[in-house]
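Note that our numbering has the sequence shown beginning at 885, numbered continuously upward.
The beta carbon of each residue, even a glycine, is placed where N, CA and C say it ideally should be.
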Amino acid sequence: MKDVRDPGALVRARRIVVCVGAGGVGKTTLAAAIALGAAREGHRVLVLTIDPARRLADALGVGALGNEPRAIDRDVLGRLGVPEHAALSALMLDMKRTFDDLVERFAESEEARERILGNRIYQHVSDALAGSAEYSAMEKVFEIASSGEFDRIVVDTPPSQHALDFLEAPQRLLEFLDSALVKLLLHPAFAAGRFGFRIFQRSARRVLQVIEKVSGMAFLEDVSEFLLAFEGMSEGFRERARKVEALLTGPQTGFVLAAGPAAESVAHAESMLGRLEASGVPLAGIVLNRARLWPERGSPPAEIPEPGMLDRATESLARALEALDERPADARAAASAAIAAASEYARLVRRDEESTRSLRERADRLACFYCRVPELPRDVHELDGLARISAALFGGRSAAR
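Structure below.
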């Protein structure tokens, strides 16, 4: 990843950018800002979110998002500096629709497809099956990447305390398909219901008898019918899962970890970095969001000024305000408030710099970029605010370490 020195280099070198991090650190906004930056670089970009909240739609200034890409208005993009040949679209993953599409793709026949999609068990479990939220997301990424419609894809992953849910989803699906329970329930004699439970080993028979007593034979037949129909697609799912996994860990993909300056957020980011590093994930960079930055890329005073120094600074500022026709009493009060606010802000900047030092050092060791995005006065709910964050990422202040 040494060729990725900053977010600009990232979107030039990697086709897929996956944003990971805990909930509440501004990951969705970060993903949208990276996508906007990539569009400004001249790419046709899709940003995909799994978050059912409206944060991405709000940040992009669009209405409801669905399972198909929605293009941002061309005139709006032009005002934000996106060249004519580039584009920006957004999509909110519909997990069930994506999983249904997989069934339609891999079903052996139209009859098998209809049998699965109409099965009561499938209808209840398809949106939770074996981590399908994460798997469906990467399946959608794979589908879009294969289509060639977009040059760059930015993925906003679900808020998760488990860093690698996204990466492990394909393997979990494979493990589900190969599990002993699935193989047990796939037994054709059981599905046909011709022999009851006597063909099974004693322990399995007892389990199935309990299920039958609680749920009825119709439930077991639904389960069996679903899994039998699913069995015909299992090899297709296996092959697809392998391709998805290869795409995630391959040279086309770069991961960006979002974190906040609070101690809890930094600790979570450290834990996540450890797992990402151990798994060989292609980490491209770390973004510290909502960071408190000292003006003009400088650093706050190393120590809290002496009271006498603060008094002199207050007097100096008060005289400057008086020169602007402020009344002496008002000037003194305003100067005192300004100096107190600056001192408190300096303390917070120093605290954040100290609490995030480990992330900066980790970025150096991993040879990935480290960016700080300044805290904005209010949450981002429109494209202008998103453009400010994108500018901080792709220019000027984002390079400050």
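Status (buried if at least 16 other CB within 10 Å, exposed otherwise) for residue i
{"i": "residue 1224", "result": "exposed"}
{"i": "residue 1249", "result": "exposed"}
{"i": "residue 1285", "result": "Bear in mind that a pLDDT of 40 at residue 1285, under 50, signals an unreliable position, so the model cannot answer this."}
{"i": "residue 1287", "result": "With the chain running from 885 to 1285 in the structure shown, residue 1287 is simply not present."}
{"i": "residue 1273", "result": "buried"}
{"i": "residue 1241", "result": "exposed"}
{"i": "residue 1004", "result": "exposed"}
{"i": "residue 1232", "result": "exposed"}
{"i": "residue 1269", "result": "buried"}
{"i": "residue 1135", "result": "exposed"}
{"i": "residue 1159", "result": "exposed"}
{"i": "residue 1236", "result": "buried"}
{"i": "residue 947", "result": "exposed"}
{"i": "residue 1032", "result": "exposed"}
{"i": "residue 1029", "result": "buried"}
{"i": "residue 1275", "result": "buried"}
{"i": "residue 1149", "result": "buried"}
{"i": "residue 1072", "result": "Low local confidence applies: a pLDDT of 44 at residue 1072 is under 50, so the model's placement there is unreliable, with the coordinate-based value given in what follows. With fewer than 16 other Cβ atoms within 10 Å, it is exposed."}
{"i": "residue 905", "result": "buried"}
{"i": "residue 1130", "result": "exposed"}
{"i": "residue 1099", "result": "Confidence at residue 1099 is low in this model, with a pLDDT of 45, below 50, so the placement of that residue is unreliable and no value is reported for it."}
{"i": "residue 1097", "result": "Residue confidence for residue 1097 is low, a pLDDT of 49 falling below 50, so the modelled location carries little weight; the figure read from the coordinates is stated next. Result: exposed."}
{"i": "residue 1079", "result": "Its pLDDT being 42, under 50, residue 1079 is placed unreliably in this model, and the value from its coordinates should be taken loosely. Exposed."}
Beta-carbon gap between residue i and residue j smaller than 9 Å
{"i": "residue 1175", "j": "residue 894", "result": "no"}
{"i": "residue 970", "j": "residue 949", "result": "no"}
{"i": "residue 1124", "j": "residue 1023", "result": "yes"}
{"i": "residue 977", "j": "residue 934", "result": "yes"}
{"i": "residue 1277", "j": "residue 967", "result": "no"}
{"i": "residue 1139", "j": "residue 903", "result": "yes"}
{"i": "residue 1154", "j": "residue 1234", "result": "no"}
{"i": "residue 1137", "j": "residue 900", "result": "yes"}
{"i": "residue 1027", "j": "residue 985", "result": "yes"}
Spatially closest choice to residue i from the options, by CA coordinates
{"i": "residue 1257", "options": "1033, 1178, 1158", "result": "1178"}
{"i": "residue 1165", "options": "1152, 1252, 1020", "result": "1252"}
{"i": "residue 1119", "options": "991, 1242, 1171, 1040", "result": "991"}
{"i": "residue 1267", "options": "1237, 927, 957, 925", "result": "957"}
{"i": "residue 1039", "options": "929, 1220, 1156", "result": "929"}
{"i": "residue 1021", "options": "981, 996, 993", "result": "981"}
{"i": "residue 1172", "options": "1147, 994, 1052, 1027", "result": "1147"}
{"i": "residue 907", "options": "1269, 1141, 1033", "result": "1141"}
{"i": "residue 1042", "options": "1254, 979, 1030", "result": "979"}
{"i": "residue 1025", "options": "996, 952, 995, 965", "result": "952"}
{"i": "residue 962", "options": "1000, 993, 921", "result": "921"}
{"i": "residue 1238", "options": "1145, 1036, 984, 1131", "result": "1145"}
{"i": "residue 1059", "options": "1126, 997, 1151", "result": "1126"}
{"i": "residue 1037", "options": "1221, 923, 1260, 909", "result": "923"}
{"i": "residue 925", "options": "932, 972, 995", "result": "972"}
{"i": "residue 1052", "options": "1128, 1279, 896", "result": "1128"}
{"i": "residue 1006", "options": "994, 983, 1027", "result": "983"}
{"i": "residue 1170", "options": "1244, 1230, 1220, 960", "result": "1244"}
{"i": "residue 1229", "options": "1255, 1259, 985, 1217", "result": "1259"}
{"i": "residue 1035", "options": "987, 988, 955, 896", "result": "896"}
{"i": "residue 927", "options": "1221, 1218, 1227, 965", "result": "965"}
{"i": "residue 909", "options": "997, 1151, 1222", "result": "1151"}
The ligand COA heavy atom lying under 8 Å from the CB of residue i
{"i": "residue 1234", "result": "By its list of ligands, the structure shown contains no ligand whatsoever, and the ligand COA lies outside what it can speak to."}
Does the pairing of the region 895-913 with the region 925-945 give three or more beta-carbon distances under 8 Å?
Because the criterion of three Cβ pairs below 8 Å is met, the region 895-913 and the region 925-945 touch.
Which ranges would you report for the alpha helix (DSSP H) in the region 943-975 if only whole runs of at least 4 residues count?
You should have 958-963.
Whole runs of the alpha helix (DSSP H) within the region 1131-1177, excluding any shorter than 4 residues
1147-1162, all fully within the region 1131-1177.
Completely contained alpha helix (DSSP H) runs for the region 1226-1280, where each covers 4 or more residues:
Listed in chain order, the complete alpha helix (DSSP H) runs (minimum 4 residues) inside the region 1226-1280 are 1241-1250, 1267-1278.
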